[in-house]
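Below is one structure, written out as structure tokens; the observations come after it.
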Amino acid sequence: MKNILIIGATGQIGSELTMKLRSTYPNGEVVAGYIPGAEPKGELLESGPSEIVDITNPQQIAEAVDKYKIDSIYNLAAVLSAVAETKPQLAWKIGVGGLYNVLEVAREKNCAVFTPSSIGSFGPGTPKVNTPQDTIQRPTTMYGVTKVTGELLSDYYFKRFGVDTRSVRFPGLISYVTPPGGGTTDYAVDIYYAAAKGEKFYCPIKPGTFMDMMYMPDALRAAIEIMEADPSRLIHRNSFNIASMSFDPEMIVAEIKNAVPDFCMEYKPDPLRQAIADSWPDSLDDSCARSEWDWKPEYDLKGMTADMLKHLYLKFKPENTK
Ligand code: AKB
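The sequence shown begins at 14 in the numbering used here and counts up by one.
In structure tokens:
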């Protein structure tokens with residue numbers, strides 16, 4: 014990879030992945046694609062080029078690819094699971110229509126494409142614990158439907174047209190930089206913000222609801238490593254199970270309380286998010302990613318909690334919030 018276009022560069026993953034790609038490939042162009050209203054700011058704006066690239070506009074994608082001689086596209090535009098249930102048409106338009114636009118440009122202009130899938134690509138009929146790489150994928154959410162369609166479409170473009178498409182199934186991603194919006198796993202980010210601000214947390218997910226989660230530095234590394242992987246070793250492409258930790262609200266609150274003993278949480282389940290979480294696996298088996306491209310996470314719940322709280326305390330120090 015040399016010249017990279019990130020579509021959705023100002024979102025939860027994009028804002029950090031763009032910076033990481035710029036430091037990983039200092040001699041290439043790493044272009045932050047954004048939509049009006051979500052302009053890049055600060056370091057993201059100043060550290061490299063940015064362009065308006067709306068995933069629903071194939072011409073804008075093609076123009077950015079031509080202008081910067083792009084060879085790889087990171088397609089991060091998505092409507093997350095809870096919002097997708099309230100706006101299913103929009104979720105399809107961005108998740109599937111948008112991906113089709115990206116794949117067509119990639120086919121014509123010979124680009125590699127990374128499009129994340131998710132634990133949301135599984136459904137209630139999937140084995141729940143240690144979910145295998147190749148198994149039943151019959152999601153009951155629109156988000157999941159777009160993710161499975163995306164996996165199939167990406168594999169089709171690889172097999173039919175030779176487009177170098179690759180992907181991982183992201184768990185819930187936890188970060189102190191850019192908050193997520195509209196996901197089912199967002200509670201596992203919000204809980205750290207509440208703890209660092211000294212606030213009580215109302216948990217929208219019931220005790221005993223396990224989901225796979227991952228700290229952002231591991232997720233960013235996975236996105237780059239899969240695109241750098243030796244293609245001759247890849248048996249799978251779209252999309253790899255990756256995993257690092259699985260927990261329920263009781264476990265994360267216990268870990269936070271080790272550092273913040275007076276932290277207080279009350280359950281206030283959100284029926285929409287709970288139903289989505291109940292349809293997803295508890296934990297994924299990521300052995301194919303480990304054997305085909307040497308995937309290995311670095312953070313567990315303990316390590317992530319320490320790092321999250323350290324950074325959030327800095328963010329919310331009175332002198333930094335003025
Ligand atoms: C969501 O909760 O919608 C996302 C995901 C797991 O894909 N974080």
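Cβ coordinates follow ideal geometry from the N, Cα and C atoms, glycine included. Note that the structure is a prediction, hence the values are computed from the model and not measured.
In the structure shown, the three-state DSSP call for Val-66 is coil.
Leu-93 has its Cβ nearer than 7 Å to a heavy atom of the ligand AKB. Contact between Val-78 and Lys-122 holds, since their C-beta atoms are separated by about 5 Å, short of 8 Å.
In terms of Cα proximity to Ser-300, the closest of Ala-267, Lys-330, Ser-252 and Met-321 is Ser-252. Per DSSP, Arg-182 is one residue of the beta strand (DSSP E) stretching across 181-183. Not one heavy atom of the ligand AKB lies closer than 7 Å to the C-beta of Pro-145. Contact between the stretch 134-142 and the stretch 81-100 is not established, with fewer than three Cβ pairs separated by less than 8 Å. By the CB criterion at 8 Å, Met-227 and Ser-257 fall inside the cutoff.
Its Cα nearest to that of Arg-173, the residue Leu-116 stands out among Leu-116, Tyr-215 and Gly-185. Ser-259 and Met-224 do touch by the CB rule: their CB atoms are close to 7 Å apart, below 8 Å. Measuring C-alpha to C-alpha distances from Asp-177 to each of Lys-210, Leu-186, Asp-243 and Gly-157 identifies Asp-243 as the nearest. Each of Thr-318, Arg-246 and Leu-233 was checked against the Cα of Glu-268, and the nearest Cα belongs to Thr-318. Within its own chain, the residues whose Cβ lies closer than 8 Å to the Cβ of Arg-35, once the five positions on either side in sequence are excluded, are Val-43, Ser-60 and Gly-61, listed in chain order. If you check the C-beta of Pro-184 against the ligand AKB, you find a heavy atom less than 7 Å away.
According to the DSSP assignment, Tyr-87 belongs to no alpha helix (DSSP H) but to the beta strand (DSSP E) extending over 85-88.
Its chain contains Tyr-280, Pro-282 and Gln-287 as the residues whose beta carbon lies nearer than 7 Å to that of Lys-219, once the 5 sequence neighbours on both sides are disregarded; these appear in chain order.
In this chain, Leu-93 is not harboured by any alpha helix (DSSP H), its DSSP state being neither H nor E.
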